[in-house]
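*Asks:* Handing you this structure, nothing more for now.
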């Protein structure tokens, strides 16, 4: 079970967040034609409290790896723009790792071109030099009042802070939320949204879109009604090959699962919200 502890609201923010909640309620009933103005005003107030600016939010959202149009929306069907580091390469997958009798090892990386690159040599260096054996990331509400921002937490914090590895997890989480709400948010202020219900704009591969939206309506219904969603890696299967004093671990596909919880329970003793999977 996952637990989410909600922070207390700063007294300076109570009035702004209360007006934001009222604006959301009116928008749900289509009685609020000024919702965007309210949202902008609340954002500016909260950012001032935090000592940040709108450009700081745009910098986080406008990650250079993701191709976008002039309005800040993802360009559907476009591959990632993975930069090629100086004296480095871009890759599509990790095929395995080989160990030799003299104590050396070799990563079997599948090189990529501009159409299928998923990571680069800087990512590999980060993981190897920092000794990263696992990572997690979450975007959660910062308070129990409706809030225009989400609070990001990740592990390991220092090793991932400011890296493309962290940006990858952030934007994967944002994409997951887009699927949940059938709406995509622009990376440019005022961060307008557009529907992805028809799949025309959703930056998913065609086979994944068909599976989630067309072939498995029941499963998508459960996902869209969930209260918490996350992506989790399944254990990677591998084969061991021994040859001329070397041992090679050849990896199978890295399968990812979308997991979700469909209700929340309040733990009175500890004052926490607990997600219960159905």
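Residue numbers (the working numbering): 339 to 616.
Note that beta-carbon positions come from the ideal geometry of N, C-alpha and C, so glycine has one too.
Just so it is clear, the structure is predicted and the values come from calculations on it, not from any experiment.
Is it right to say residue 428 is buried, meaning 16 or more other beta carbons lie within 10 angstroms of its own, or is it exposed?
*Replies:* Buried, by the Cβ-count rule.
*Asks:* Would you say the beta carbon of residue 465 is closer than 7 Å to some non-hydrogen atom of the ligand ADP?
*Replies:* The model depicted lacks the ligand ADP and carries no ligand whatsoever.
*Asks:* Please identify the residue among 504, 441, 377 whose C-alpha is closest to the C-alpha of residue 460.
*Replies:* Nearest of 504, 441, 377 to residue 460, Cα basis: 504.
*Asks:* Alpha carbon to alpha carbon, how far is residue 381 from residue 487?
*Replies:* Looking at the two C-alpha atoms, the distance is approximately 8 Å.
*Asks:* In the DSSP assignment, the alpha helix (DSSP H) including residue 506 goes from what residue to what residue?
*Replies:* Element bounds for residue 506: 502-519.
*Asks:* Taking a contact to mean a Cβ-Cβ separation below 8 Å, would you say residue 588 touches residue 576 in this structure?
*Replies:* Against a cut-off of 8 Å, the Cβ pair of residue 576 and residue 588 comes out as a contact.
*Asks:* Would the beta-carbon of residue 396 fall within 8 Å of that of residue 527?
*Replies:* A contact, by the Cβ cut-off of 8 Å.
*Asks:* Under the three-state reduction of DSSP, which class applies to residue 413: helix, strand or coil?
*Replies:* The answer is coil: DSSP assigns residue 413 none of H, G, I, E or B.
*Asks:* State the beta-bridge partners of residue 475 as determined by DSSP.
*Replies:* In the DSSP output, where bridge partners are listed per residue, residue 475 has 492.
*Asks:* Of the residues 437, 386, 590, 392, which one's Cα is nearest the Cα of residue 581?
*Replies:* Closest option to residue 581, Cα to Cα, is 437.
*Asks:* Any idea what DSSP makes of residue 617, helix, strand or coil?
*Replies:* For residue 617 there is no data in the structure shown, the boundaries of the chain being 339 and 616.
*Asks:* Taking the continuous beta strand (DSSP E) assigned at residue 445, which residues delimit it?
*Replies:* Where residue 445 is concerned, the enclosing beta strand (DSSP E) stretches over 443-449.
*Asks:* Please identify the residue among 420, 470, 472 whose C-alpha is closest to the C-alpha of residue 449.
*Replies:* Here the closest residue by C-alpha is 420.
*Asks:* Give the secondary structure of residue 596 by DSSP, where H, G and I count as helix, E and B as strand, and everything else as coil.
*Replies:* Of the three classes helix, strand and coil, the one that applies to residue 596 here is strand, per DSSP.
*Asks:* Measure the alpha-carbon distance for residue 385 versus residue 523 and round it to whole angstroms.
*Replies:* Residue 385 and residue 523: Cα-Cα distance of roughly 19 Å.
*Asks:* Over the uninterrupted alpha helix (DSSP H) stretch that includes residue 459, give me the two end residues.
*Replies:* Unbroken alpha helix (DSSP H) run through residue 459: 459-468.
*Asks:* Could you tell me the alpha carbon to alpha carbon distance between residue 590 and residue 445, rounded to whole angstroms?
*Replies:* Answer to the nearest angstrom: the Cα atoms are 15 Å apart.
*Asks:* Should the segment 489-509 be called in touch with the segment 386-393, which here means at least 3 C-beta pairs below 8 Å?
*Replies:* No: fewer than three Cβ pairs fall under 8 Å.
*Asks:* Could you give the distance in angstroms between the alpha-carbon of residue 495 and the alpha-carbon of residue 387?
*Replies:* Distance between the alpha carbons of residue 495 and residue 387: 24 Å.
*Asks:* Let me see if you follow: with CB-CB separation under 8 Å, is residue 377 close to chain B or not?
*Replies:* The chain labelled as chain B is not found in the depicted structure, where only one protein chain is given.
*Asks:* From the DSSP output, in three-state form, read off residue 428 for me.
*Replies:* Here residue 428 sits in strand by DSSP.
*Asks:* Are the Cβ atoms of residue 514 and residue 569 separated by less than 8 Å?
*Replies:* Cβ distance < 8 Å, so residue 514 and residue 569 count as in contact.
*Asks:* Am I right that residue 474 and residue 493 are in contact with their C-beta atoms under 8 Å? What's the rounded C-beta distance?
*Replies:* About 5 Å separates the two Cβ atoms, so the contact holds.
*Asks:* Which residues does DSSP pair with residue 574 in a beta bridge?
*Replies:* The partner list for residue 574 (beta bridge, DSSP) is empty, contrary to what the question assumes.
*Asks:* Measure the CB-CB distance between residue 478 and residue 489 and report whether it falls below 8 Å.
*Replies:* Contact: yes.
*Asks:* Whose C-alpha, out of 411, 454, 498, is nearest the C-alpha of residue 472?
*Replies:* When only C-alpha atoms are compared, the closest one is 498.
*Asks:* Give the single residue among 501, 468, 586 whose Cα lies nearest to the Cα of residue 403.
*Replies:* Of the listed residues, the one whose Cα sits closest to residue 403 is 501.
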